[in-house]
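Residue numbering for the sequence shown follows full-length UniProt numbering, starting at 1 and increasing by one per position. Glycine included, every Cβ here is placed at the ideal spot set by N, Cα and C. What follows is a short report on a single structure.
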Amino acid sequence: MDTPTTNLAEPAQLDIPPAPDVLTAIAREAESDMPNLAKLAKMIQQDPALAAAVLRAANGIMRMRKIESVAQALQVIGLERTHQIVLHALLHSTLGMPKNLRPSLWDELRVSAEAAADFARLLRTVPPPMAHTAALLHDTGFFLLARQHPDYHETLSLARVDPEKPFTEHEFERYKTHHAVVGFFLARRWGLAEPVALTINHHHDYVTVFEETTLPPQVPHLVSLIAMADVVAAEAVGIGRDKEWHKARGPVAEFLGLTEDEVDDMIEAEIAQQRTATNVR
């Protein structure tokens, strides 16, 4: 279902949360010529879960020397990686885990983000951090819609097995909106880059997005990476791929200038890598 980017109205009765202060501060410092890491470290330390996540990431890199402070950790992992870690943790704590969604969904989004970044490095089409962010957020609309609609899991189950009808059309028929639009407004409210927000809005538009000339050039590339990354996530987490890749495979391969077999080979290699990483964790 092709949702126009113009004249989008925020879905009524949906409580889209504002951006947490620490996320806004990281984005602001990342744009500064002289980022104040001490100030950021102090903000992150106020949230034990955030501090633990940042320290865990830093110690995963520095295996020979234990990192014991958030300030040290920021020096090790840098602002980009810090933003990714904090964004994931804040999304999880803010959106929660509605009972009418499958419990593996946060793991799927994490793997999808990592796979999209890997594909971006391999294909050199968009910056890997942008691919990571777009993939991490692309299905966050699920959480907000599931809060409002007790039957939402039924809608998702129907959409996953339908080989023809666009995924978002199932949602729109019942709720007059869908998760891509909701995720678009969440990304905007959280101050993320406009290409990321627009990618979330269009991530099921596998035909029109590759022909649309008014979108930022990063958007069709990000949509293709997310479509591939979602296959990786489904297989690596163990839920099995749905019918969505059947709709995306041909258009994605054509846009990337690859054969469908070449795209499949890239996906299979990434699945193996993510399964290995999961076992290590």
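Counting C-beta pairs closer than 8 Å gives three or more between the region 225–232 and the region 109–120, which meets the contact rule.
Contact check between the region 259–276 and the region 107–115: three or more CB pairs, one atom from each, fall below 8 Å, which counts as touching. In this structure, 55 is the residue among 86, 55, 143 with its C-alpha nearest to the C-alpha of residue 73. 8 Å or more divides the Cβ of residue 43 from the Cβ of residue 58. The shortest CA-to-CA distance from residue 237 to any of 177, 126, 216, 102 is the one to 102.
The alpha carbon of residue 99 has as its nearest neighbour, out of 240, 146, 39, 106, the alpha carbon of 146. Leaving aside the five residues that flank residue 86 on each side, the residues in its chain whose CB is nearer than 8 Å to its CB run, in chain order, 22, 23, 26, 44, 50, 53, 54. Between residue 111 and residue 243 the beta-carbon gap is near 20 Å, outside 8 Å, which marks them as no contact. In the DSSP assignment, residue 152 falls within the unbroken alpha helix (DSSP H) covering 152–161. Residue environment: residue 191 is assigned as exposed (fewer than 16 neighbouring CB atoms within 10 Å of its CB, all protein chains considered). Relative to the Cα of residue 184, the nearest Cα in the group 175, 203, 70 belongs to 203. By the CB criterion at 8 Å, residue 91 and residue 140 fall inside the cutoff. In this chain, the alpha helix (DSSP H) harbouring residue 198 covers 194–202. Residue environment analysis places residue 205 among the buried positions, since at least 16 neighbouring C-beta atoms fall within 10 angstroms of its C-beta.
Between residue 70 and residue 41, the CB-CB gap stays under 8 Å.
Within the same chain, Cβ atoms closer than 8 Å to the Cβ of residue 80 are found at 30, 129, the five residues on either side in sequence being excluded. In the assembly as shown, residue 224 is a buried residue. Its beta-carbon has 16 or more other beta-carbons within 10 Å.
Contact annotation: residue 187 and residue 137 have beta-carbon atoms nearer than 8 Å.
For residue 132, the enclosing alpha helix (DSSP H) has its first and last residue at 128–137. When only Cα atoms are considered, residue 20 and residue 93 end up about 11 Å apart. In the same chain as residue 200, and ignoring 5 residues on each side of it, the C-beta atoms closer than 7 Å to its own belong to 134, 137, 138, 180, 183, 184, 187, in chain order. Per DSSP, the unbroken alpha helix (DSSP H) holding residue 256 starts and ends at 244–256. Check the Cα spacing between residue 151 and each of 170, 249, 263: the tightest is with 170. Nearest neighbour of residue 36 by Cα position, chosen from 197, 78, 68, 222, turns out to be 78.
Around the CB of residue 246, fewer than 16 other CB atoms lie within 10 Å, so the residue is classed as exposed. In this structure, residue 251 sits away from residue 219, with a CB-CB distance that is not shorter than 8 Å.
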